[in-house]
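A.B. asks: Numbering (this note's numbering), first residue to last: 461 to 1072.
C-beta atoms are modelled at their ideal positions from N, C-alpha and C, and glycine is treated no differently.
Have a look at this one.
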Ligand code: PEP
Ligand code: MN
């Protein structure tokens, strides 16, 4: 439907077919409408319509005799098996109704593939139904509507009153709608595909070699919108209002711990966690002697830890167990930290300990047992030192954040939160590591969140797997207990990692070894990276083989230069600063070359890449 100027007012547009992919002609028309006429359109709904195709021929034609099958190009691509089975040649026509009429006019031994209606209208008889290679074959139509301005159209601004038939109404979220965007650069395509959008590419034109539409999942809209448009690049055109990035609701009454702002990092010397920085804190549960803590400090620094932990006031279940070496132990910890260049983290158990500890320690840890000791939280928060606040094993996420608020309210500028396992009915592990709670906290606070797998597990064999899980869940860091003679440890020996275990963990999660690491230590880390790269390259080649299979099935060309440009742009963006100018391109070329070889592209696979 068009208005007086011929601009689209409302339309139903076939956009994507399950087999043929992008339906180029209608999408070209839509792109031209958006770019040339600047129309504001939005996709109100996406409607799947099953495509039922029949094989039809003039009366009296024996199916065995058919030598030509007429249809529209995209449809012929969807019916390869049929054409092969009949031993016929495919003949292209402008659309399926034209094909049916042409076959009726020319007579046998010919047949057409079209809708049942078109075949019957042309006077043909049906020989076979549902002849498409993939069933059900579905085309997705977009229902388009012109919007008034940047806001939502009145139809989208529904309220509960409409739904419930009530007068007063209550706000409902807007109806889910496909978020469609027109992109016109390789970088935008790369951002969209990284965000999990379904991409429908259009053939490139001279001044815009990479372009198409993308259907963006609702949850990825914010990220795509935030990456926006770079200078010199045509802007992304949203079909519908551009999405705003909406943070989840805050907990009322906790203004700062849950303040809506970008993630913050806490940095102390070489240590930094939060806002994309990730690090490991490691060391013994308890400082036992000057020699013990120095040996372990060297080992954890060499592994890759950037902060040293060690308890000097130990909260023990039994009053007869080792209670820590107190302020003397703190001096040993300080000396060990200084000798390896790492900041030190130690637990404070009572308000009276805050002042003497804050003089020597870089970070004050509040332990799980004290996480709701509000006097201690206030005292530690006002000490002028960064604070590491563990979650109590009986506290909810909301209570944990309320404790954080005490620390912040007392003036602390650098607060790190730590999930360390909660108490559940489970007895096979010391605690139950609540990664769900850690992730829930992530959506509520901008503070760095780290994980303590040692106290959650209580047993060495589970520390590395839990650390891996926490890292995979996006923790900003880990705090891990390490001992070189755990059988003789005065506290928590059963859960201590050996230094070698910590090295392997750091290599696995990609934490760099310490600056003073030996050649052998750093080479071990490089070996781990090489193993990972080799596995990724193998996986990429396997995916190339699969995509080649899919392209062949759909009759799409093996080589796609727009796609290659996207791959190169992705490498250039990711490696830009860290390799010489042509390095990223050479690496992308080599991978593309290997990929083309795996896809069976003739002559490809030389290490120089596709141009070789
Ligand atoms: C510790 O880190 O040594 C400790 C006692 O931890 P938590 O308070 O988590 O039990
Ligand atoms: Mn411990």
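How many whole angstroms separate the CB atoms of residue 946 and residue 926, which I take to be in contact at a CB cut-off of 8 Å?
C.D. replies: Incorrect: roughly 17 Å between the Cβ atoms, too far for contact.
A.B. asks: Hey, could you find the ends of the alpha helix (DSSP H) residue 535 is sitting in?
C.D. replies: Note, residue 535: alpha helix (DSSP H), 533-538.
A.B. asks: Would residue 852 and residue 807 qualify as a contact pair, given that the criterion is a beta-carbon distance under 8 Å?
C.D. replies: Going by C-beta atoms, residue 852 is not nearer than 8 Å to residue 807.
A.B. asks: Pop quiz: residue 739 and residue 937 are said to be a contact at Cβ under 8 Å. What is the actual Cβ separation, rounded to whole angstroms?
C.D. replies: Right, their Cβ atoms sit about 5 Å apart.
A.B. asks: What does the alpha-carbon distance come out to for the pair residue 732 and residue 966?
C.D. replies: Cα-Cα distance, rounded: 15 Å.
A.B. asks: Taking the C-alpha atoms as reference points, what is the distance between residue 778 and residue 682?
C.D. replies: Their backbone Cα atoms lie some 51 Å apart in a straight line.
A.B. asks: Using a threshold of 7 Å, is the CB atom of residue 872 nearer than that to any non-hydrogen atom of the ligand PEP?
C.D. replies: Result no, Cβ not under 7 Å from the ligand PEP.
A.B. asks: Identify, in the order they occur along the chain, each residue of the same chain with its Cβ nearer than 7 Å to the Cβ of residue 609, setting aside the five sequence neighbours on each side.
C.D. replies: Legend: pLDDT at residue 609 = 48, less than 50; position of this residue unreliable, value from coordinates given subsequently. So no residue of the chain qualifies.
A.B. asks: Considering only the alpha carbon of each residue, which of 507, 716, 712 and 607 lies closest to residue 494?
C.D. replies: Considering only alpha carbons, the answer is 607.
A.B. asks: Tell me whether the beta-carbon of residue 846 lies closer than 8 Å to the beta-carbon of residue 729.
C.D. replies: No, Cβ-Cβ distance for residue 846 and residue 729 is not below 8 Å.
A.B. asks: Considering only residues of the same chain and omitting the five flanking positions on each side of residue 658, which have a CB-CB separation below 7 Å?
C.D. replies: 674 and 675, listed in sequence order.
A.B. asks: Using 8 Å as the cut-off, can you tell me whether the stretch 475-487 makes contact with the stretch 545-563, which would need three or more C-beta pairs spanning the two stretches below that distance?
C.D. replies: Flag = no, the stretch 475-487 and the stretch 545-563 do not touch.
A.B. asks: Quick one: residues in its chain with C-beta nearer than 7 Å to the C-beta of residue 669, no 5 flanking neighbours on either side, listed in chain order?
C.D. replies: Excluding sequence neighbours, residue 669 sits near 1022 and 1025.
A.B. asks: Quick check: the Cα distance between residue 899 and residue 961, rounded to an integer number of angstroms?
C.D. replies: C-alpha separation (whole angstroms): 26 Å.
A.B. asks: For residue 941, is the beta carbon positioned less than 7 Å from some heavy atom of the ligand MN?
C.D. replies: The answer is yes for residue 941.
A.B. asks: Going by C-alpha to C-alpha distance, which of 588, 541, 643 and 718 sits closest to residue 684?
C.D. replies: Of 588, 541, 643 and 718, the residue nearest in Cα terms is 643.
A.B. asks: At which residues does the beta strand (DSSP E) containing residue 758 begin and terminate?
C.D. replies: Premise fails: residue 758 lies in the alpha helix (DSSP H), 750-763, not in any beta strand (DSSP E).
A.B. asks: Would you say residue 942 and residue 957 are within 8 Å of each other, going by their C-beta atoms?
C.D. replies: Yes; because the gap between Cβ atoms is below 8 Å, this pair is in contact.
A.B. asks: If you follow the beta strand (DSSP E) that residue 526 is in, where does it begin and where does it stop?
C.D. replies: No beta strand (DSSP E) contains residue 526, which DSSP labels as neither H nor E.
A.B. asks: Return helix, strand or coil for residue 626, following the three-state DSSP convention.
C.D. replies: Per-residue confidence for residue 626 stands at a pLDDT of 32, beneath the threshold of 50, marking its modelled position as unreliable; the derived number appears in the next sentence. Of the three classes helix, strand and coil, the one that applies to residue 626 here is coil, per DSSP.
A.B. asks: Measure from the alpha carbon of residue 538 to the alpha carbon of each residue in 1042, 590, 865 and 828, then state which is nearest.
C.D. replies: Looking at the Cα atoms, 590 is the closest of the given residues.
A.B. asks: Confirm the yes/no value for this check: CB of residue 951, any heavy atom of the ligand FAD, distance under 7 Å.
C.D. replies: What this structure holds is the ligand PEP and the ligand MN, not the ligand FAD.
A.B. asks: What is the residue span of the alpha helix (DSSP H) that residue 1005 lies within?
C.D. replies: Residues 979-1014.
A.B. asks: Does the distance from the C-beta atom of residue 762 to that of residue 976 stay below 8 Å?
C.D. replies: Closer than 8 Å, so yes.
A.B. asks: Throw me the rounded Cβ distance for the residue 823 and residue 848 pair, which I believe falls under 8 Å.
C.D. replies: Contact flag correct, Cβ pair sits at about 5 Å.
A.B. asks: I need the boundaries of the beta strand (DSSP E) containing residue 687, first residue and last residue.
C.D. replies: Note, residue 687: premise wrong, no beta strand (DSSP E); alpha helix (DSSP H) at 681-687.
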